Structures are given as structure tokens and as C-alpha cells.
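Heads up, the thing below is written out as C-alpha cells.
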Amino acid sequence: MATTTGSTSANPKVNYKYRRNKARQEMRAHVTSFAMMIFLTLIAFIMVMSGFDKYYVFPVLLLLAGIQVVLQLYYFMHMSHKGHGAVALFLYSGALVALIVIITFMTIVWW
Amino acid sequence: MKNGLKKWRLLPLFTALAFILSGCGEPFLSALQPAGEVAQMQYDLMLLSTIIMVVVIIVVMIIYVISIVKFRRAKVGENTIPKQVEGSHKLEIIWTVVPIILVLILAVPTVAATFILADQTEMEAVDEEGNRTALVVDVRANLYWWEFNYPDLGIVTAQDLVVPTDQNVYFNVIASDVKHSFWIPAVGGKIDTNVENMNTFYLHFDGEKAQEADNLFYGKCAELCGPSHALMDFKVQTLSPEDFDNWVTAMQEAEAEPEPQNDLAARGEEVFGEQGCIGCHAVSPAQGAGISQGPNLATLGERSRVAGILDYKGDEEQHEAYIKEWIRDADRLKPGNTMGGYNEDDLSDEDLDALTEYLMGLKVYSE
Amino acid sequence: MDMEQKFTSKTWPESPEKTTLEGKNKFLGFWLFLGGETVLFASLFATYLALKDRVPDNSHALAQDMFELPLVFIMTMLLLTSSLTSVYAMYHMKNYNFKKMQTWLLITVGLGLAFLGFEIYEFNHYVHAFDHTFTSSAFGSGFYTLVGFHGAHVVIGLGWFILLLIRNSRRGLNLYNAPKFFVASLYWHFIDVVWVFIFTVVYLMGMVG
Amino acid sequence: MVGGLEAMVIRIQLAVPDSNFVSAGLYNEILTMHGTTMIFLAAMPLLFAFMNAVVPLQIGARDVAFPFLNSLGFWLFFFGGIFLNLSWFLGGAPDAGWTSYASLSLASEGHGIDFYVLGLQISGAGTLIAGINFLVTIINMRAPGMTYMRMPLFTWSTFVASALILFAFPPLTVGLFLMLFDRMFGANFFDHTMGGNTIIWEHLFWIFGHPEVYILILPAFGIFSEIFATFSRKRLFGYSAMVFATVLIGFLGFMVWVHHMFTVGLGPTANAIFAVATMAIAVPTGVKIFNWMLTMWGGSIKFTTPMLYAVAFIPSFVAGGVTGVMLAVAAADYQYHDTYFVVAHFHYVIIGGVVLGLLAGTHFYWPKMFGTMLNETLGKVTFWLFLIGFHLTFFIQHFLGLMGMPRRIWKYLPNQGLEVGNAISTVGAFFMAAGVLVLIYNIIITQVRNERVGNDPWGDGRTLEWAIASPPPFYNFKQLPLVRGLDPYWIEKMEGNDRMTPAEPIGDIHMPNNSFIPFVMSLGLFIAAFGAMYQVDWRASDGAEYGWAIPVLVIGMLITIGSMAVRSLKDDHGYHVHKEDLEKDDEEGGRL
Ligand code: HEA
Ligand code: HEA
Ligand code: CUA
Ligand SMILES: [Cu+2]
């Protein structure tokens with residue numbers, strides 16, 4: 001790792017080795033987040049199977065789902081990378097509208 | 001151009017006109033002539049909001065007129081290049097804060113009134129014997145006709161709603177086919193009659209105002225419900241509390257099978273059965289609540305209109321004519337209604353005469 | 001710029017999906033589309049939640065009587081794994097390793113097909129064991145519409161992957177098709193995100209009450 | 001135009017009490033189609049046309065981001081519109097109002113509602129695509145130096161309106177799907193006997209419907225912003241506040257939809273919350289109104305036809321806006337709802353805002369789009385006829401509503417005090433129709449005379465679109481311009497330059513190929529829609545189930561999916577306009 005040779009690519013801006021390295025690190029993060037997702041799903045599943053009270057289970061389930069989605073978005077879908085400003089703005093706006101819709105349907109559509 | 005300016009200066013004037021006109025419309029129909037607490041509250045809100053709006057319009061008009069009069073190119077010179085101002089924080093804060101204040105002034109009474117009008121606690125109140133003290137009417141909206149059921153009194157009517165003045169009347173409303181909306185403009189705002197749930201609200205009929213309207217208010221269906229949506233009117237008869245008690249007694253004592261008054265009417269009763277009218281129409285004020293397919297005819301002879309729309313203006317002959325016209329031509333009078341017409345092949349002229357005689361005799365209270 | 005220019009793993013740019021203007025546009029446009037899809041699925045979720053267990057009479061099965069959690073759990077695992085494998089594929093895409101990318105995409109497709117197979121089995125089970133159909137109740141309509149819309153997305157995602165694989169099997173990676181692969185994999189992740197919520201909201205919370 | 005004709009029929013029918021000009025069922029069809037056509041097939045596409053023509057020029061782009069999607073959006077919209085209107089000839093148009101509330105729309109016989117559902121589904125997809133296209137164009141394709149805070153207001157309002165489209169159309173799509181499944185595939189979303197709930201439709205429709213009205217008004221606001229600045233020879237007053245207000249209106253637009261449902265019985269808490277939220281929109285809208293007036297203040301106002309419309313817009317829209325705030329007073333809305341008061345409100349904002357905006361935009365951008373000037377005198381005649389007619393028609397309707405006239409009524413009976421108002425209203429409508437006729441005449445003679453104009457025919461142009469030829473060449477900018485501030489062309493003019501400083505040397509321009517596929521894709525859906533509709537027997541007016549329907553549905557879908565596949569299989573690299581040709585264009589005097 002000591003040598004960072006100047007001769008990397010036809011594209012002088014890109015350091016090939018450095019890139020490879022970064023990609024590998026990222027891959028590790030991917031695998032970790034995947035493991036976490038599996039783990040979280042398992043917890044959720046077990047919680048339900050073991051029959052806790054719903055007022056206790058619901059918030060936890062939603063929290064777990066929320067974490068998983070963040071992992072997907074930020075690691076698998078690369079939202080942690082730069083250049084995703086507009087993307088984040090629109091995704092969160094969408095999520096906000098989504099939330100409002102769901103809340104109203106759970107409160108003022110009844111009977 | 002000059003003309004145009006004048007026209008715009010007139011706009012606030014128009015709005016002032018609004019107040020003068022506010023006494024307009026017919027007392028039995030107009031929301032501008034409130035005849036009860038609920039309508040009054042709503043009318044007051046309208047006035048408050050109109051005043052705020054007029055203020056807004058006047059302010060806008062002043063700035064507006066000055067700027068288009070003073071800064072015309074003809075006046076400032078063909079070749080002037082105006083200063084390119086970016087904005088002004090002070091001004092911008094003013095016209096953000098002032099509207100916020102105006103909106104708040106409007107919001108507070110709005111929220112208050114919304115909660116007051118939704119207050120249904122009195123409806124559940126009971127006296128010592130556990131009987132409900134308030135008058136409750138179950139309203140059922142059907143394609144182009146209304147059923148009014150007084151569950152605590154065991155009475156059903158249709159088309160004409162009968163209520164006592166000067167007390168709160170509570171309504172449970174629902175629709176049996178498609179969505180309609182229950183509205184008595186002069187007495188208060190509307191509420192939808194949904195198909196899947198019961199809505200509840202109350203109205204208050206003011207005795208004095210009712211007299212100005214000859215004790216007869218117009219009710220309307222205010223939700224598009226099909227071809228004859230426009231014709232889905234009903235009438236509200238207001239009675240003083242004593243008269244209302246008498247009416248209740250009369251309705252409760254009416255016999256299950258009204259006695260035909262003469263032979264013709266007796267024949268009419270037979271026809272009524274033969275033609276299957278009885279399948280859809282009950283003729284006693286205790287029957288068919290919530291399930292019948294057609295309006296209860298127990299009080300047909302004393303209703304103010306035939307089918308809610310044909311106004312015979314108290315004229316007996318016209319009344320008969322309209323009943324006949326309805327039976328023959330229901331389809332044309334209210335397109336899309338479920339009764340349909342009975343032509344000569346279905347129902348001979350003689351039978352129709354008998355039927356009408358019988359129907360005209362269906363009276364309870366005015367006897 | 002010539003779209004079909006050949007690269008080596010060293011000349012290949014760092015973010016091939018965003019190197020051309022077309023690629024950039026496609027990338028952004030697709031994300032925006034996903035923002036819209038979020039609202040679309042939210043509306044479906046909302047409808048489902050409003051209609052959950054709304055049935056015409058008592059004889060009709062409810063959520064708690066029916067759902068097969070272990071089965072759905074396996075489906076969840078399949079889809080989660082396929083999300084990881086498509087990340088692998090993109091990893092190799094960025095490294096200009098076309099062969100490996102193809103392989104991982106094929107695995108992704110396989111997992112997706114397995115998921116779909118389980119889903120079909122599951123629906124079939126509900127229909128036959130409980131008479132819970134699309135037309136039997138509002139609950140049924142809401143359930144099959146929500147889960148079915150997701151299923152349709154899976155089908156489209158799979159079709160898209162397969163089409164891309166066939167089309168590009170001979171020509172390798174270039175700046176014209178790299179954004180296409182990338183966007184397809186974004187779509188696949190999004191499908192997984194939606195499923196996480198279906199699993200949680202429909203199945204897990206449905207079983208609890 | 002068709003929508004306008006329908007409006008005339010409505011007014012003729014309502015001119016006198018108890019009239020029988022049209023029958024009850026037909027009246028409901030006409031009123032439904034009037035609302036639907038005007039909103040979906042007239043106002044929105046016309047606004048899109050302006051966006052398409054003007055936004056790329058304003059930000060200094062060669063084209064929109066996705067030319068392919070652009071044409072797909074157009075064809076989807078086109079076939080959706082055709083499909084909807086075919087209902088007139090194929091057994092009856094939809095008749096449950098443009099809102100198509102669920103219990104009535106499920107009960108409606110024949111295929112009318114099916115046409116509504118499928119037609120809007122197809123054209124809605126087109127709209128969504130167009131929205132995404134504009135968003136990406138504005139985010140990714142701005143010329144060098146064109147920062148967000150230097151974008152002209154029309155571009156900003158297009159941006160916000162497109163974002164609203166992105167989030168508002170999916171709920172409509174879902175609502176339409178649910179209705180489609182209920183009517184055509186036996187689902188029970190809205191059938192309460194099976195556990196369904198009609199209120200779901202109302203929510204989904206209005207979650208879409210309210211943002212929709214801002215989708216209509218914001219671009220109109222944008223057009224007016226350009227016009228006020230241009231003909232006052234003054235920079236837009238409070239530019240950043242204007243931008244902020246636009247965004248805020250868009251944002252609040254998603255939190256107020258329940259104000260259309262105050263009488264549904266959702267309970268006082270919901271009504272109160274949404275009432276207050278609705279009133280809040282008055283604040284940013286007010287900011288805009290005042291900024292426009294202050295733009296004129298201290299300026300040098302020239303009353304051209306577009307400026308006349310802009311000037312008339314302020315009082316007209318404020319009148320409509322304040323009645324909107326009155327409607328937001330939930331308890332009082334129990335009285336207003338579903339009466340002519342509401343009809344008056346929304347025609348004031350729509351005609352006083354959107355249609356005046358369209359007419360202003362037509363006169364303003366006509367030279368840019370077609371290279372000829374509309375006749376100013378005729379333009380002013382149209383303006384006065386239309387404006388007078390508009391106020392005559394709709395002002396009186398406020399009172400009709402309060403006097404107890406519900407909306408959507410086919411006839412009113414005599415002796416209810418409603419005769420005079422309705423007669424006045426009908427007279428007004430004829431004035432408007434006359435105005436529109438003059439406009440059509442104007443357009444025709446202008447095109448016949450065909451007198452070409454230069455790049456800045458109004459003389460006061462401020463933004464990039466006025467810096468290039470009218471009409472612009474198909475690649476718009478030979479060299480992308482360098483933008484040095486808000487109102488870039490004005491800046492250059494003030495410094496004595498007659499054209500923009502280029503930001504790049506002349507080079508080859510990469511252009512996409514035109515494609516036939518969007519047409520085929522849309523056609524496929526159009527065909528499939530017929531299949532979907534006629535496969536149900538119990539709705540058909542003649543009670544028949546058509547054996548061909550399912551195959552047609554399948555074939556249609558196959559055509560669409562097939563052409564999508566072709567699209568992704570066939571590489572399409574576009575072509576280049578070469579440097580030499582560009583220079584030749586120049587010599588031939590295409591510019592300036
Ligand atoms: C372009 C279209 C458009 C626009 C811009 C608006 C703008 C507004 N609308 Fe309107 N509306 C419609 C189109 C539109 N509307 C349509 C089509 C319907 C009927 C649908 C149907 O049922 O078929 C409808 C119905 C409708 C209703 C439902 C009525 C009912 O059915 O019972 C309500 C209720 O709150 C409402 C409110 C408002 C408000 C508060 C605004 C605000 O945005 C207005 C804000 C503007 C101003 C207030 C003026 C300028 C401000 C100032 C000068 C500052 C100072 C002002 C104050 C302090 C008040 N509208
Ligand atoms: C964009 C929307 C729009 C427009 C422009 C109009 C225009 C008109 N509307 Fe419209 N109207 C609606 C949207 C619109 N309406 C909606 C949504 C409803 C509710 C439907 C429902 O209840 O379901 C309704 C309902 C409605 C009713 C109530 C019906 C009822 O409830 O029974 C009435 C009655 O008078 C009416 C009259 C008119 C008239 C006389 C015009 C006149 O202004 C028409 C004159 C105009 C023209 C003849 C042409 C229009 C010109 C252009 C569009 C611009 C041209 C631009 C270029 C050429 C570039 N309309
Ligand atoms: Cu009942 Cu309209
Ligand atoms: Cu609204």
C-alpha cells in the first residue's frame with residue numbers, strides 16, 4: 001500500500017488503486033448493513049411470533065422497518081454519496097406526503 | 001384605459017353592495033335570511049369574513065390604482081429606465097405580518113363555531129324516566145325523496161319534515177343508495193348523507209322567522225346524485241311546540257289501515273293493492289321506517305307539494321291533477337326515479353281516478 | 001462523446017452512470033420517479049389500512065386467521081438477499097467487470113423468481129383455504145391490490161433485468177448502457193424497501209392485531 | 001374549445017327557470033365533461049405548451065432533458081383525451097361530476113364513468129411524465145451561470161408545479177385504479193355492503209385535486225411575473241420572496257385538501273385543523289400580489305395586451321382568492337359548500353387567474369413561438385369582451401349560491417328568487433364567447449399575414465428567451481450563453497451588448513432522433529383501454545359482454561410492452577448538427 005504510483009489511468013483524475021480500495025471498503029459496509037437488515041428482520045419476526053402486546057410491538061416494528069429502509073437508501077442505493085441533494089429533497093418530500101396520507105387514512109376514514 | 005380604471009374603482013363598491021343585497025333572496029330559501037341559531041352563527045361568520053375581505057380588497061385597490069395611474073409610460077416618459085430595485089425588507093415584513101393577523105382574527109371564531117356546531121351532548125340527555133329529552137329525527141335520503149323517521153315517537157313521514165320551533169332538533173342522516181346532502185339553507189348549513197355511516201347534527205328553527213316564511217322552509221339535496229338531483233327538494237313545516245305535540249298525537253293515533261271515505265276511494269284502495277303500490281308505499285305513519293322503497297303516503301293528502309316539487313298552492317283540483325300527472329308521468333317529472341310512470345295500459349283512467357280519490361283522502365293531522 | 005467507446009477497467013470512470021449528460025438525466029429522473037412511487041405506495045398502504053379486516057359478514061376470514069408468517073419471512077429473506085446481490089453486481093459494474101456483473105444479476109433474477117413463486121403459492125393458498133379473494137370483500141380487494149402492485153413491480157423489475165442482460169450480453173459495458181444497469185438496480189432496491197413495509201405493516205402488524 | 005362550448009350549453013340551459021334545452025341526464029354529462037375537459041384537457045396542456053416552449057429557452061438549454069419522454073407524454077395525453085371524448089359517441093359520457101364521487105360513479109350505468117377512469121388514467125400518466133421531464137431539465141440543464149436564484153419566475157413556478165405533479169398524480173392514479181377495479185374487475189373498495197368505503201375516493205381525489213389547482217395557478221403566476229417585470233421595465237420586486245412564496249404555496253397545497261370535505265362529517269377536529277391550514281395559504285399568495293404591485297410601482301408601465309391581462313388579473317384573482325378564504329371558514333362552508341358560491345369562487349380564481357394567464361401568455365409569447373405578432377387592437381377587443389363577460393357571469397353567482405341555489409342542478413324551479421341572477425350570468429357568458437371568437441379571428445389573420453418579427457419584439461425583454469431568434473432554431477442556442485445575473489438579457493442590453501456572451505466555442509451539437517415509438521406505446525394503451533372497458537357485461541348499456549374484449553386488452557398491453565422493449569433494445573444515439581452547418585445558418589440570417 002505504500003506506493004501510490006502516478007501511472008493510473010488514461011483519465012488522470014482517477015487514481016485506480018485508490019478507487020478500487022474505496023470500492024472494497026464500501027462493499028464491506030454493504031455486507032455489514034445486509035447482515036443488520038437480516039438481523040432486524042429476524043428480531044421483528046420473533047417479536048411477533050412470541051406474542052407481545054401490540055402497543056409494545058408496533059412502535060418497535062416500525063422503528064426496525066425505518067432503520068432497514070435507511071440502510072437500503074444510504075448504503076445500497078448510495079444516497080450517502082455526494083451529488084444526491086436533489087434526490088434527497090424529492091425523496092423526503094415524497095415521504096412527507098406519504099406520511100400525511102397514511103395518517104389521515106388511519107384517523108379520518110373510519111366506520 | 002380610463003374606462004377600465006373606473007371599473008376597478010367600482011369593485012369595493014360592489015362589495016359594499018353585498019351588504020345591501022344581503023337581505024336578498026326568498027326568506028324560505030336564502031342563507032342570507034337566517035331563521036335559526038345555526039344559520040345565524042354561520043351568517044355572522046360570513047359577515048365577519050366579508051368585512052375582512054373587503055378590507056383586504058380596499059387596501060389592494062389603493063396600491064393598485066395608484067401604481068397603474070402614476071407609473072404609466074405615457075406619464076413617466078418613453079425612454080426612462082426605472083431604477084431596478086431588488087425589494088424592501090420592511091415592506092415585505094408588513095405584508096406578511098398583517099395578513100397573518102387578519103387570518104388569525106378569522107381563524108379563532110372559525111374554530112370555535114366549528115366545535116359548537118358539532119356539539120351533540122344534548123342529544124343524549126335523558127329525563128328521570130330514561131326518555132330522551134331532545135327531539136331526534138332519523139333522515140334517510142333516497143334517490144330523489146326523503147324519509148323522516150321520529151324513532152322515539154314511532155312516526156314516519158316523507159317529503160315533508162315537521163318540526164317544532166324554538167328548540168334544538170337533532171338529525172341522524174344516512175343515504176340508502178348514493179350520497180346526497182341534507183340542506184335547509186335558511187335554517188343552517190348542510191351535512192352529507194353518506195352511504196356507510198350515520199352523520200349527526202342539529203338545527204334550530206326560530207318561531208318568528210318561521211312565520212315570515214309562512215312556516216314552510218325549502219330543503220335541498222346538495223350533492224350530485226343523478227339526473228333528478230336538481231329536483232330532490234323537500235319541505236319543512238314548522239309548528240309551535242303545542243301544535244307539534246298535537247301533530248305527534250294525531251300521527252300516533254292514526255290507524256294502521258286508513259278507512260276509505262267513499263266507494264270511489266274504496267276502489268282506489270283496491271287498485272293500490274292490485275297495482276303493487278303497496279309494495280313500495282306504506283299508508284300508515286308507523287310503517288316502513290328505514291326500509292320502504294318509496295315515500296310513506298300516510299299524509300299525502302296534506303302535503304305541501306306532490307313528490308316534493310309540484311306546488312298546487314292549496315288548490316284541491318290542482319292537487320288531484322298533479323297526483324294523476326305524477327302517477328302517469330313520474331319518469332318525465334323526475335327522470336331516473338325508481339317508480340316510473342303508469343300509462344293507460346297499466347292503469348285505466350277509471351282506476352286512476354279511484355286511486356287519486358283514495359290518495360287525496362290520506363290525511364292525518366288536518367282532519 | 002462516442003457512446004460505444006471501449007474502456008478498460010482503468011479508463012472506466014468512477015461513476016459511469018453519471019458520466020454522460022444522458023446518464024445524469026436518467027439517474028435523476030429515475031430518482032424523482034421513485035419519489036412519486038413513494039406516494040403511490042403510500043396511497044395503497046393507506047387504502048389497505050383503512051380497509052383491513054373490513055368484510056361483509058363474520059364468516060369471512062380476517063388477517064389474523066390467515067397470514068402465514070414463516071412463509072412470508074422466507075420471502076423477505078429472499079428479497080433482502082437479492083438486494084445484496086444486485087449491490088454486488090453494481091460493484092462489479094463500477095469495476096468494469098462485465099462477467100461478474102452478469103453473474104450477480106443472474107443470481108438476483110433467480111432470487112426474484114423464487115420470491116415470486118412463493119407469492120403465487122401464498123395467494124393461491126389464501127384463495128383456496130379461506131375463500132379470501134379479490135372480490136370477496138373490501139379487505140380482499142385492498143390486500144391483493146397492495147401486495148399485487150408490489151408483485152407487479154417485481155415482475156417488471158425482473159423483466160427489465162432480463163432484457164438488459166440479453167441485449168447487452170455481447171457488447172459488454174459502455175457509457176450508454178451503464179446508466180441503464182444502474183437505474184434498474186435502483187428500482188430493485190426500491191422494490192425491496194416497499195417490501196420491508198409490506199412485511200412490517202401488512203404481515204407482522206396484521207398478525208398482532 | 002370543446003369545454004367552452006359545453007360551458008355555453010350549461011349557461012343556456014340555466015338562463016331561464018324550468019328550462020328544457022337539454023335533458024337531465026345529458027346535462028350531467030355536459031357538466032362533468034365541462035369540468036373534466038377544462039381542467040385536464042384545456043388548462044393543463046395549454047400551460048404545458050408554454051412550459052415546453054419557454055422553459056428551455058429561459059434557462060439556456062438546447063431542449064428538455066428527455067425528448068423521448070416529452071413526446072410520449074404528449075401522445076399519452078392525446079390518446080387519453082381522445083378516449084374520454086369518444087364517450088360522447090359510444091353510449092354516453094361520464095355523468096358524476098368531474099369529482100366522480102364514488103357512490104354515484106359506481107351506480108352510474110353505461111360506460112360513461114369507465115371512459116372517465118381510463119381516459120384520465122392514460123392522460124394522467126402523460127402528465128406525470130411531463131412533470132418529471134421538466135424537473136430534470138431545470139435541475140440538470142441550466143446554462144453556465146444560471147443558478148437557482150437567477151432563474152426567471154416562470155421557470156421557478158414550472159419547477160414547483162412539476163414537483164406538485166410528481167406527488168399529486170400518484171394518489172389520483174391509485175384512486176382511478178381502485179375505481180377501475182371496482183367497476184371493471186369486481187373489487188369492493190367503495191361498496192359499503194362488502195366492507196368498502198366511499199370516503200377513500202373522496203380523500204384520494206382531493207389529495208390530488210387541491211394540489212391540482214395550484215398546478216394550474218402557479219405557472220399562470222409565473223407568466224404574470226414575467227409580464228409585470230417586462231412591461232414595467234423593472235426588475236421583479238422581492239424576487240427571493242417571490243420564489244419562497246411559490247415554494248411555500250406548493251408545500252401548503254398538500255395539507256389542505258379536506259377543505260373540500262368539510263360537510264362529509266369528518267368531525268370538528270379535522271375540520272378545524274384543515275380550515276386554519278387553508279387560511280394560511282392566503283399569506284404567501286398575498287406576498288406575491290403585493291410584490292407584483294410594487295413591481296409596477298416606480299416602473300414605466302406600457303399597456304400592451306399582455307399587460308392589460310396582467311393588470312386585470314390582480315383584482316380578479318384577489319376577489320377569487322378572498323372568497324376562497326371565506327370558504328375555508330369551515331362552519332360557514334356548511335352553507336357555501338356545493339352551491340353556486342363555490343362555482344363563483346373557482347371560476348374567479350381559474351378564469352381570473354389561469355385563463356387570463358393563458359390569454360396573456362398567448363399574446364406575450366406568440367411572437368417568440370411563431371415569429372409573428374398578434375394584432376394589438378384585436379387583442380384589446382378580446383380583452384375587454386372577455387373581462388366584462390367574466391365578471392358579469394360569475395360575480396352574481398356568489399349571491400345565487402347564498403340565495404339557496406345548489407350547484408350541478410339541471411334546472412331550477414320558478415319562484416325561488418333565482419331567475420334574474422341566472423339570466424345575467426348567461427348574458428355574461430356570451431360576452432366571453434364573443435371575446436374568444438375575436439381571438440380566433442386574430443390568430444387566423446395574423447398567420448395569414450405572416451409578418452416576421454425579430455428576437456425581442458416587445459423591446460423590453462429581460463430573460464434569455466428574448467436573446468435568440470423568433471421562432472428559435474431547433475437546437476435553440478448555437479453556443480450556450482453565459483448568465484451573469486437575474487434577467488441576463490437585460491443586463492447585456494444595459495451594457496450595450498446586443499447578444500449574450502457565449503459560454504463555449506462553437507462546436508457540434510448532439511441532438512436526439514425523433515422517434516415513432518411513443519406514439520405506438522400510447523396507442524397500445526388506448527387499445528387496451530377499450531378491451532378493459534368492454535369485458536364487463538353488467539355495465540354495458542345493451543347488457544352484452546363482448547368476446548373480443550379480453551383479447552383486445554391483451555393485444556393493447558402487448559403493443560405497449562413490446563414497444564417499450566423495442567425502445568430499450570434499440571440503441572438510439574441521436575445525431576450531430578455540425579459546426580459548419582451552424583455557421584451557415586448564421587450567415588443565412590437566422591439570427592437577430
Ligand atoms: C386555480 C384554481 C384555484 C385556486 C388558486 C384556489 C385558491 C384557493 N381556494 Fe379554491 N377551489 C378551486 C380552485 C382554486 N382555488 C376549485 C376548482 C374548487 C372547487 C372544486 C369542486 O368542488 O369542483 C375550489 C374549492 C375551494 C374550497 C371548497 C369549497 C367547497 O366545496 O365547499 C375551498 C375551501 O376552503 C377553497 C379555498 C381556497 C383558498 C383558501 C385558496 C387560496 O389559495 C387563495 C389565496 C389568495 C388570496 C387570499 C388573495 C390574495 C391575498 C392577499 C391580498 C393577502 C391578504 C389576504 C387575506 C388576509 C385574506 N377552494
Ligand atoms: C379551467 C377550468 C374552467 C374554465 C376555463 C371554465 C369556464 C367556464 N365555465 Fe366552468 N367549470 C369548471 C372549470 C372551468 N370552467 C369546473 C371544474 C366545473 C365543475 C364541474 C363539476 O361540477 O363537476 C365548472 C362548472 C361550471 C358551471 C356550474 C355547472 C353546475 O354546477 O351545474 C357553470 C355554470 O355557469 C360554468 C360556466 C362556465 C363558463 C360560462 C365558462 C366560460 O368562461 C367559458 C368561456 C371560455 C371559452 C369559450 C374558452 C376558454 C378559453 C381558454 C381555455 C383559453 C384559450 C387559450 C388559447 C386559445 C391559447 N362552469
Ligand atoms: Cu340527492 Cu342530489
Ligand atoms: Cu382546494
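From first to last, the protein sequence lines are chains G, H, Y and V. Counted from 1, the first sequence has number 17 at position 17 by UniProt numbering; the numbering is strictly sequential. Counted from 1, the second sequence has number 190 at position 190 by UniProt numbering; the numbering is strictly sequential. Counted from 1, the third sequence has number 127 at position 127 by UniProt numbering; the numbering is strictly sequential. Counted from 1, the fourth sequence has number 554 at position 554 by UniProt numbering; the numbering is strictly sequential. All C-beta atoms, glycine included, are put in the ideal place defined by N, C-alpha and C. It should be emphasised that the depicted structure is a prediction, and the values quoted were computed from it without experimental measurement.
Which one of the options has the shortest CA to CA distance from residue i?
i	options	result
Leu106(V)	Val195(H), Gly188(H), Val55(H) and Asp245(H)	Val195(H)
Ser240(H)	Ala186(H), Glu208(H) and Asn343(H)	Glu208(H)
Thr8(Y)	Gly151(Y), Pro179(Y), Gly148(Y) and Leu173(Y)	Leu173(Y)
Ala129(Y)	Val183(Y), Glu68(Y), Leu111(Y) and Trp188(Y)	Glu68(Y)
Tyr187(Y)	Val87(Y), Lys100(Y), Met66(Y) and Ser15(Y)	Val87(Y)
Ala95(G)	Leu116(Y), Glu37(Y), Asp131(Y) and Trp195(Y)	Glu37(Y)
Thr158(V)	Leu378(V), Thr137(V), Glu419(V) and Asn476(V)	Thr137(V)
Phe201(H)	Ala266(H), Ala158(H), Val163(H) and Met123(H)	Met123(H)
Tyr358(H)	Ile62(H), Glu253(H), Tyr365(H) and Ile323(H)	Ile323(H)
Val163(H)	Gly268(H), Lys363(H), Glu242(H) and Met232(H)	Glu242(H)
Leu46(V)	Met33(V), His210(V), Ile217(V) and Phe205(V)	Ile217(V)
Thr259(V)	Gly286(V), Trp366(V) and Asp333(V)	Position check: residue 259(V) holds His in this sequence, whereas Thr was assumed. Checked all of Gly286(V), Trp366(V) and Asp333(V); the closest Cα to His259(V) is Asp333(V).
Trp88(V)	Gly25(V), Pro67(V) and Phe205(V)	Gly25(V)
Arg328(H)	Thr121(H), Asp160(H) and Gly341(H)	Gly341(H)
Ile278(H)	Ala289(H), His229(H), Gln293(H) and Ala266(H)	Gln293(H)
Leu224(H)	His192(V), Trp410(V) and Ile39(V)	Trp410(V)
For residue i, report the span of its beta strand (DSSP E) as first-last.
i	result
Asp160(H)	Asp160 to Pro164
Asp192(H)	Gly188 to Thr193
Could you give the first and the last residue of the continuous alpha helix (DSSP H) run that contains residue i?
i	result
Thr137(V)	Gly112 to Asn140
residue 368(H)	Here chain H covers residues 1 to 367 and nothing more, so residue 368(H) does not appear.
Ser181(H)	Segment His180 to Ile184 is the beta strand (DSSP E) holding Ser181(H); no alpha helix (DSSP H) there.
Thr238(H)	Segment Phe234 to Leu239 is the beta strand (DSSP E) holding Thr238(H); no alpha helix (DSSP H) there.
Met326(V)	Thr305 to Leu327
Tyr64(H)	Glu37 to Lys70
Phe159(V)	Leu153 to Phe185
Leu297(H)	Element bounds for Leu297(H): n/a, residue is neither H nor E.
Tyr88(Y)	Leu69 to Lys94
Exercise for the section: Quick one: which unbroken beta strand (DSSP E) runs of 3-plus residues sit fully inside the region 105–137 of chain Y? Chain order, please. Expected result: Qualifying beta strand (DSSP E) stretches: none in this window.
Practice task
Would you list, in sequence order, the uninterrupted beta strand (DSSP E) runs of no fewer than 3 residues that lie entirely inside the region 371–410 of chain V?
Solution key: Counting only runs of 3 or more, we get nothing.
Practice task
Could you name each continuous alpha helix (DSSP H) segment of 4 residues or more that falls completely within the region 111–176 of chain H, going from the start of the chain to the end?
Solution key: Segments of the alpha helix (DSSP H) lying fully in the region 111–176 of chain H: 121–124.
Problem - Minimum length 4: unbroken alpha helix (DSSP H) runs contained in the region 468–553 of chain V - result: Complete alpha helix (DSSP H) runs here, min 4: 488–494 and 517–534.
Practice task
Take every Cβ of the region 108–127 of chain V, pair it with every Cβ of the region 91–98 of chain V, and state whether three or more of those distances are shorter than 8 Å.
Solution key: The region 108–127 of chain V is in contact with the region 91–98 of chain V.
Problem - Ranges of the alpha helix (DSSP H) found wholly within the region 10–85 of chain G, counting only runs of at least 4 - result: At a cut-off of 4 residues, the continuous stretches assigned as alpha helix (DSSP H) that sit fully inside the region 10–85 of chain G are 16–49 and 54–71.
Problem - Touch test, the region 304–321 of chain V against the region 246–253 of chain V, Cβ-Cβ under 8 Å, three pairs minimum - result: Fewer than three pairs of CB atoms, one per stretch, sit closer than 8 Å, so the region 304–321 of chain V makes no contact with the region 246–253 of chain V.
Practice task
At 4 residues or longer, and completely inside the region 223–263 of chain V: list those alpha helix (DSSP H) runs for me, N to C.
Solution key: With a minimum length of 4 residues, the continuous alpha helix (DSSP H) runs that stay inside the region 223–263 of chain V are 239–252.
Problem - the region 76–93 of chain G in contact with the region 47–54 of chain G per 3-pair CB rule at 8 Å - result: Flag = no, the region 76–93 of chain G and the region 47–54 of chain G do not touch.
Problem - Contact the region 154–168 of chain V vs the region 124–135 of chain V: 3+ CB pairs below 8 Å - result: With a cut-off of 8 Å, the region 124–135 of chain V and the region 154–168 of chain V count as touching, because enough Cβ pairs lie within range.
Problem - Cβ contact check for the region 178–195 of chain H and the region 152–160 of chain H: 3 or more pairs under 8 Å - result: No contact exists between the region 178–195 of chain H and the region 152–160 of chain H.
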